[in-house]
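Below is one structure, written out as structure tokens, with a few remarks after it.
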Amino acid sequence: MDVANFLIQILNSVQYGLLLFMLAAGLTLIFGIMGVVNLAHGSFYMLGAYLAWSLSSMTGSLALAIVGGAALSVVFGLLLERVLFRHFYHRDHLDQVLLTFGLIYIFEEMRSILWGDDVHGVKIPDVLSASIPLTDNLSYPVYRLFMSGVCIVLALGLYFLISKTRLGMKIRAGAFNRDMTEALGVNIKLIHAIVFALGVGLATVAGMIASPISSVYPNMGSQVLIMCFVVVVIGGIGSVRGALISALLVGLVDTFGKVLLPQVAGMLVYMLMAAVLLWKPEGLFKQ
0 MDVANFLIQI LNSVQYGLLL FMLAAGLTLI FGIMGVVNLA HGSFYMLGAY LAWSLSSMTG
60 SLALAIVGGA ALSVVFGLLL ERVLFRHFYH RDHLDQVLLT FGLIYIFEEM RSILWGDDVH
120 GVKIPDVLSA SIPLTDNLSY PVYRLFMSGV CIVLALGLYF LISKTRLGMK IRAGAFNRDM
180 TEALGVNIKL IHAIVFALGV GLATVAGMIA SPISSVYPNM GSQVLIMCFV VVVIGGIGSV
240 RGALISALLV GLVDTFGKVL LPQVAGMLVY MLMAAVLLWK PEGLFKQ
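Counting along the sequence shown from 1, when you hit position 85 you're at 84 in numbering that gives the first Met the number 0, and nothing is skipped either side.
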């Protein structure tokens, strides 16, 4: 592998890792703070992809589709939390698994009714359709750099929100001791609704920005869900920092595994997870 190919794979692994982080951050927030096992998290990623295709087809602009889809996803997350998830915070994890597993089938059926079962493509905006030449024969798409940039901005925003704001202080307090936080006058139900809507929004935006390079097709959420749980388990349940480091590590192993060891590439990520769990059963950065 020459230097140019190595650089391309590094960029691919970082881009994939940052996309995984957007998905895993929402999942680890919902589970770490609210204690809810959400197997339907991948469906929000699928929802984002279909919203990107549908809204960009209507407006002719992917940027407008992303902004509009993000707003719709937050509203949808608030409604879903209020109608369903709020009643399962103190229930057994098995009840939560059954609820969210059923939601996967409901979302898939609604997707089939609303958008059909065909495979769709989302057009990359003209301003982002160019490529940056690395050698005479190799170049790197500008859109992939745009994806990485969006993920970095959202990751920094999430860090600032949780670590530097009063709302973030309430979120961390609610995760540490819900009863004491509520006794101090904090509306913990509102905090949980915000966290859930934030997790849904992150997964939906990830699906929207990924749709131009991954296509839009049925059951696409199921494929990323398993990888999200791998990232959360490796990073440590409830740790956003762990999710970021774990996602980048998984992206690196998966990308270079497919290039250098394609025969066993499908096992490498799970071997990494097994090695981490043998070394630190609680994950790299348990919170």
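C-beta atoms are modelled at their ideal positions from N, C-alpha and C, and glycine is treated no differently.
Can you list, in chain order, the residues of its chain with a C-beta nearer than 6 angstroms to that of residue i? Leave out the 5 residues immediately preceding and following it.
{"i": "I208", "result": "M146, V149"}
{"i": "F106", "result": "S42"}
{"i": "Q95", "result": "V35, V36, F87"}
{"i": "G173", "result": "T180, I187, I190"}
{"i": "A196", "result": "V73, G76, L77"}
{"i": "Q222", "result": "none"}
{"i": "A264", "result": "G256, K257"}
{"i": "H119", "result": "W52, V215"}
{"i": "Y158", "result": "none"}
Which residue or residues does DSSP assign as beta-bridge partners of residue i?
{"i": "I131", "result": "Y139"}
{"i": "H86", "result": "DSSP, once it has assigned bridges, lists no residue as partnering H86."}
{"i": "F215", "result": "Correcting the residue identity first, residue 215 is Val in this sequence and not Phe. DSSP output for V215 lists H119 as bridge partner(s)."}
Could you check the C-alpha separation between residue i and residue j for me, to the nearest Å?
{"i": "P280", "j": "G237", "result": "14 angstroms"}
{"i": "N176", "j": "S130", "result": "50 angstroms"}
{"i": "R143", "j": "E181", "result": "43 angstroms"}
{"i": "I112", "j": "I244", "result": "38 angstroms"}
{"i": "L153", "j": "M21", "result": "8 angstroms"}
{"i": "L127", "j": "G59", "result": "15 angstroms"}
{"i": "N11", "j": "L183", "result": "46 angstroms"}
{"i": "I9", "j": "S210", "result": "21 angstroms"}
{"i": "L83", "j": "L18", "result": "27 angstroms"}
{"i": "N310", "j": "D135", "result": "With the chain covering only 0 through 286, there is no way to say anything about residue 310."}
{"i": "V185", "j": "P124", "result": "44 angstroms"}
{"i": "H89", "j": "F100", "result": "18 angstroms"}
{"i": "V275", "j": "D91", "result": "27 angstroms"}
{"i": "L260", "j": "I29", "result": "35 angstroms"}
{"i": "T164", "j": "I65", "result": "25 angstroms"}
{"i": "V229", "j": "L93", "result": "20 angstroms"}
{"i": "M272", "j": "K169", "result": "32 angstroms"}
{"i": "M226", "j": "I233", "result": "11 angstroms"}
{"i": "G282", "j": "I32", "result": "17 angstroms"}
{"i": "L155", "j": "L98", "result": "32 angstroms"}
{"i": "G16", "j": "G67", "result": "25 angstroms"}
{"i": "V231", "j": "G241", "result": "8 angstroms"}
Check residue i in the structure and name its three-state DSSP category.
{"i": "I225", "result": "helix"}
{"i": "G34", "result": "coil"}
{"i": "A246", "result": "helix"}
{"i": "I236", "result": "coil"}
{"i": "N176", "result": "coil"}
{"i": "K188", "result": "helix"}
{"i": "K279", "result": "coil"}
{"i": "D1", "result": "coil"}
{"i": "D253", "result": "helix"}
{"i": "T203", "result": "helix"}
{"i": "D91", "result": "coil"}
Looking only at its chain, what residues have a beta carbon closer than 8 angstroms to the beta carbon of residue i, apart from the 5 residues adjacent to it on each side?
{"i": "I7", "result": "L133, L137, Y139"}
{"i": "V199", "result": "G25, F43, S72, V73, F75, G76, L79"}
{"i": "R171", "result": "I161"}
{"i": "L63", "result": "L54, S55"}
{"i": "K122", "result": "S55, L61, P211"}
{"i": "D116", "result": "P217"}
By Cβ distance below 7 angstroms, which residues in the same chain neighbour residue i in space, the five residues on each side in sequence not counted?
{"i": "A192", "result": "L77, E80, R81"}
{"i": "I103", "result": "L38, A39, S42"}
{"i": "V288", "result": "As displayed, the chain neither begins before 0 nor continues past 286, which places residue 288 out of reach and without an answer."}
{"i": "V194", "result": "L28, I29, I32, M33, I170"}
{"i": "A69", "result": "G200, T203, V204"}
Using a C-beta cutoff of 7 angstroms, does residue i count as contacting chain D?
{"i": "H89", "result": "The structure shown contains no chain D; it is built from a single protein chain."}
Check: Is the number of C-beta pairs between the region 191-211 and the region 16-32 that are closer than 8 angstroms three or more?
Finding: yes
Check: Can you find at least 3 beta carbon pairs, one from the region 246-255 and one from the region 264-275, that sit closer than 8 angstroms?
Finding: yes
Note to self: Below 8 angstroms, how does it come out for the region 47-55 and the region 209-224: are there three or more Cβ pairs, yes or no?
What the structure shows: yes
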